[in-house]
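Peer 1:
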Amino acid sequence: MKSTVFVSLALAIAASGNVLAQAQPGKVAVIYFQGAIVGTKDGQKASADLDAKAAPRRKEFELKQNEVNALQDQLTKGQNTLSEGAKNELYRNIESKKKLLQRELEDAKEEFDGEQNKLIQQIAQKMTAVIERYSRDHGYNLVVDVSRGLREAVQHHFRRSQ
Numbered sequence: 020m021k022s023t024v025f026v027s028l029a030l031a032i033a034a035s036g037n038v039l040a041q042a043q044p045g046k047v048a049v050i051y052f053q054g055a056i057v058g059t060k061d062g063q064k065a066s067a068d069l070d071a072k073a074a075p076r077r078k079e080f081e082l083k084q085n086e087v088n089a090l091q092d093q094l095t096k097g098q099n100t101l102s103e104g105a106k107n108e109l110y111r112n113i114e115s116k117k118k119l120l121q122r123e124l125e126d127a128k129e130e131f132d133g134e135q136n137k138l139i140q141q142i143a144q145k146m147t148a149v150i151e152r153y154s155r156d157h158g159y160n161l162v163v164d165v166s167r168g169l170r171e172a173v174q175h176h177f178r179r180s181q
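End of the sequence shown sits at 181 in this note's numbering; the numbers just go up one at a time, nothing left out.
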């Protein structure tokens with residue numbers, strides 16, 4: 020899939036380069052924007068901060084998962100010795116804890132993703148300003164972000180050229 024997008028993107032760049040060469044002389048730049056964001060000091064710091072912030076939650080979820088595993092082991096070991104009522108109660112307890120853990124994991128993931136997107140957006144705004152200034156100062160009239168899909172890259176180019 021990625022190689023198909025890359026080949027399509029390369030063909031689109033070549034085609035747009037021919038059109039641009041006829042319409043106006045200029046240069047084309049290709050950037051992997053997502054990789055560039057992660058490669059910046061701000062991106063690395065944000066990543067480290069998010070990891071540090073998530074570590075206690077991860078530990079909490081590990082403990083809860085271990086608790087569920089221990090109850091499952093208890094149920095497995097007691098299959099022949101526990102009464103039917105005790106097994107049912109243990110089973111309900113396991114299922115309840117698993118559902119609660121799953122909900123908490125989903126909520127934590129949503130919260131983490133939101134924080135990550137917010138940080139990425141802040142860094143992306145700074146990066147976009149730098150790229151626009153650099154491309155203008157060095158005569159680039161097309162900058163293609165290969166971390167986007169082909170359609171988005173072409174749409175972005177046409178929005179900028181209007």
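All C-beta atoms in this analysis are idealised placements derived from N, C-alpha and C, irrespective of residue type, glycine included.
Have a look at 164, 146, 120 and 147 and flag the residue whose alpha-carbon is nearest the alpha-carbon of residue 76.
Peer 2: Position 57 of the sequence shown, counted from the first residue, corresponds to residue 76. Nearest of 164, 146, 120 and 147 to residue 76, Cα basis: 120.
Peer 1: Please say whether residue 45 and residue 161 have beta carbons closer to each other than 8 Å?
Peer 2: Taking the sequence shown and counting its residues from 1, the one referred to as residue 161 is at position 142. Taking the sequence shown and counting its residues from 1, the one referred to as residue 45 is at position 26. Contact: yes.
Peer 1: Taking the runs of the beta strand (DSSP E) that are 3 residues or longer, which of them lie wholly in the segment 136-169?
Peer 2: Here the runs fully enclosed are 159-164.
Peer 1: Which residues does DSSP list as the beta-bridge partners of residue 50?
Peer 2: Position 31 of the sequence shown, counting from 1, holds the residue named residue 50. Per DSSP, 164.
Peer 1: Hey, residue 113 and residue 87: beta-carbon distance below 8 Å or not?
Peer 2: Walking along the sequence shown from the start, residue 113 turns up at place 94. Walking along the sequence shown from the start, residue 87 turns up at place 68. In contact: residue 113 and residue 87 (Cβ atoms closer than 8 Å).
Peer 1: In or out: residue 163 buried (at least 16 other Cβ within 10 Å) or exposed?
Peer 2: Translated into positions along the sequence shown, residue 163 becomes position 144. It is buried - the Cβ of residue 163 has at least 16 other Cβ atoms within 10 Å.
Peer 1: Grab me the residues of residue 53's own chain with a C-beta within less than 6 Å of its C-beta, minus the 5 sequence neighbours each way, in chain order.
Peer 2: Taking the sequence shown and counting its residues from 1, one reaches residue 53 at position 34. Excluding sequence neighbours, residue 53 sits near 166.
Peer 1: Which residue's Cα is closest to the Cα of residue 115: 127, 91 and 99?
Peer 2: The count along the sequence shown starts at 1 and reaches residue 115 at position 96. Of the candidates 127, 91 and 99, the one whose C-alpha sits nearest the C-alpha of residue 115 is 91.
Peer 1: If you drop the 5 nearest sequence neighbours on each side, which residues of the same chain put their C-beta closer than 7 Å to that of residue 124?
Peer 2: For the purposes of this step, residue 124 is taken as residue 105 along the sequence shown, with counting starting at 1. Correct list, in chain order: 80.
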